[in-house]
Amino acid sequence: MGRGKHTMQDALNSLPEPTPQCPVARVLGPRGQNLHEIVVARSVVADDINKLLNPENKPWFTTLAQLPPKYRSVVWVKRGGYVMVDLTEQLTDKIGGDIALVLMPRQIKNLKQIGQWPEEYEAIWNALVGTPSSSNRPGSAAADGAERSADSPSSDTETDSDSSSSSSSSDDGDSDAK
Numbered sequence: 431m432g433r434g435k436h437t438m439q440d441a442l443n444s445l446p447e448p449t450p451q452c453p454v455a456r457v458l459g460p461r462g463q464n465l466h467e468i469v470v471a472r473s474v475v476a477d478d479i480n481k482l483l484n485p486e487n488k489p490w491f492t493t494l495a496q497l498p499p500k501y502r503s504v505v506w507v508k509r510g511g512y513v514m515v516d517l518t519e520q521l522t523d524k525i526g527g528d529i530a531l532v533l534m535p536r537q538i539k540n541l542k543q544i545g546q547w548p549e550e551y552e553a554i555w556n557a558l559v560g561t562p563s564s565s566n567r568p569g570s571a572a573a574d575g576a577e578r579s580a581d582s583p584s585s586d587t588e589t590d591s592d593s594s595s596s597s598s599s600s601d602d603g604d605s606d607a608k
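Positions 431 to 608 (our numbering) are the ones given, in order, by the sequence shown.
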C-alpha cells in the first residue's frame, strides 16, 4: 500500500476530537497555492492562540491554512466544508496554521453525537457569506413553486415581444431588399 492509500484510510476512518490547539474551522474558500481561507470561532481556540491570531477579540477570526503535502491529490477541501486546523505552528504572519484533517460527513456526525461540535459556525457562516434561508435554496418545494409562477407570466410576455420584434425585423429586411 502506498502513502496515499494510508492517508486516505486515515482521513476516512479516524474519529478525531478537537482540542483548543487543533479546533474545527469552516472553509471560506481556496486562495491558491494549497492555501485555504478559514474562519475559526473564538470559543473553540486556546487563549494564547486567540490573542495571537485575534487581537481585536471578535467572536470569530479568519486566517489562511495550508494543506500539507500528504493530503494533496488525496482529499479535496470544498468551500463551506469543515477542517481541523493545527494553529500551534503559525507559518507566517498571514498563514495561521496547517490543516490537520479534512472532516467527512461521518466524522461531523460523530462530533455532534459526542457533544464536541461547535454550533456557532452556522451563525458565523450566515453572517460572513449571507446564505439564503432554506425556502430559497434551489430544489426546495417553495423555491420551485416560486420559480414556476415567476417563469410562466414572463414567458408569455417574452414570446409576444419576440414575435412582434421578429415580424418587424422581417419587414425591415424586405424593405431593404426592394
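Positions of the beta carbon are idealized from the N, C-alpha and C atoms, including for glycine.
Asked	Found
Which runs of the beta strand (DSSP E) at least 3 residues long sit entirely within the stretch 473 to 533? Give them in chain order.	490 to 496, 512 to 516, 525 to 532
For the alpha helix (DSSP H) containing P460, name the first residue and the last one.	Looking at the DSSP string, P460 is not in any alpha helix (DSSP H); the run it does join, the beta strand (DSSP E), is 454 to 462.
Compare the C-beta of T493 against all C-beta atoms of chain E and say whether one is closer than 9 Å.	Here chain E cannot be found, since the structure has a single protein chain.
In this structure, how does DSSP classify L445 when only helix, strand and coil are distinguished?	coil
Look up E549 in the DSSP assignment and say whether it is helix, strand or coil.	coil
Hey, quick one: how far does the beta strand (DSSP E) through I468 stretch, first residue to last?	465 to 471
CA-CA distance, E380 and I525?	In the structure displayed, the chain extends from 431 to 608; residue 380 sits before or after that span and is not available.
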